[in-house]
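Working notes, structure below.
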Amino acid sequence: MIYSTQHLAIVPKRQGVVRIDLTKRQETIIEIVKRNGPITGEQIAERLGLTRATLRPDLSILTMAGFLEARPRVGYYYSGKKNADLFGDTLRRMKVADYQSVPVVIEETASIYDAIVSLFMEDVGTLVAVRDGFLQGVVSRKDLLKVAIGGGDIHQIPVNLAMTRLPNVIVIRPEQSLYEAATLMVQHQIDSLPVVKDTAAKGWVVVGRVSKTTIVRAFVELGQYLEI
Ligand code: ADP
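Here our numbering is used: position 117 in the sequence shown is 169, and no number is missing along the way.
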């Protein structure tokens with residue numbers, strides 16, 4: 053099958069994700085500053101046999117990306133940051149709020165049967181159980197399967213008998229980083245986290261969902277923009 057270029061979707065650039073695609077000249081500049089810093093723009097230009105004006109765009113890119121630091125009337129310093137550090141910085145700047153998907157919630161008194169139907173309809177692996185709009189627990193595929201193979205009446209048994217309940221629910225907030233979310237999922241061996249907001253009333257309101265799929269999507273996007 054021949055694909056037209058229309059199939060090559062361009063993912064919009066997210067705030068805080070930097071494309072780092074250094075040219076040979078930029079790498080040479082970093083080397084010069086590393087060895088001789090602090091060094092002025094003119095001095096760098098001299099060493100490269102170029103004019104200061106030609107070098108200006110390179111210097112501003114390297115400063116913006118965090119490789120170099122510029123001090124007025126002193127010159128350029130090497131920031132000490134390697135590509136790996138910049139990669140870490142970028143990961144930590146990716147906020148849950150920018151990547152979360154919509155939460156899939158169910159009343160904690162709903163039946164196991166309803167939860168299973170919702171799982172299929174919404175194409176998720178975990179549901180968030182609520183009461184009066186506040187988070188009470190989470191119920192996953194295996195929690196539901198356990199009840200089903202236990203032989204109970206899945207039309208009668210409520211979700212709150214199968215769920216992992218508070219205070220054992222691991223949550224994340226929109227302002228936290230995607231990296232923190234991924235770390236929590238690995239540490240607790242779970243596939244998803246409810247994204248919550250505190251309210252004046254006691255309890256958490258569920259505003260989103262981060263799953264391992266969210267992390268894989270962000271990882272792919274990072275690969276498109278962060279060339280290191
Ligand atoms: P699966 O059903 O595919 O194993 P998980 O690995 O996410 O899905 O769930 C494993 C167990 O961890 C389940 O008992 C589930 O209730 C619980 N669990 C899932 N998400 C969370 C969470 N955010 N906080 C606490 N426990 C969770």
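Glycine is no exception: its CB is placed at the ideal position from the N, C-alpha and C atoms.
The structure displayed is predicted, hence computed values, not measured ones.
Inter-residue spacing [alpha-carbon to alpha-carbon] between residue i and residue j
i	j	result
V259	L143	22 Å
E98	G140	34 Å
V156	R269	19 Å
I201	M215	16 Å
T161	V211	6 Å
A175	S163	The residue asked about is misnamed: residue 175 is Asp in this sequence, not Ala. Spanning the two alpha carbons is a distance of roughly 18 Å.
T282	L100	Because the chain here runs from 53 to 280, residue 282 falls outside it and cannot be looked at.
K254	I158	19 Å
N220	V191	12 Å
Selection from the options that minimises the alpha carbon distance to residue i
i	options	result
I222	E94, V191 and H240	H240
D195	L102, L213 and D184	L213
T266	V247, R183 and P124	V247
E227	P109, M146 and R77	M146
S263	A105, V190, G275 and I242	I242
S244	D166, D250, I209 and L230	L230
T251	I209, G185 and I113	G185
R77	G89, N88 and R108	R108
8 Å contact criterion, which residue i and residue j should meet: CB distance rounded
i	j	result
W256	L179	Wrong, their Cβ atoms sit about 15 Å apart, outside the cutoff.
G204	R193	Not really, about 17 Å apart at Cβ, beyond 8 Å.
Checklist entry - Would you call the stretch 80-99 and the stretch 123-130 touching, i.e. three or more CB-CB distances under 8 Å? => result yes
Item to check | Ranges of the alpha helix (DSSP H) found wholly within the stretch 99-132, counting only runs of at least 4 | outcome: 104-116
Checklist entry - Considering only residues of the stretch 151-232, which uninterrupted alpha helix (DSSP H) runs meet the minimum length of 4 residues and lie entirely inside it, listed in chain order? => result 164-174 and 193-201
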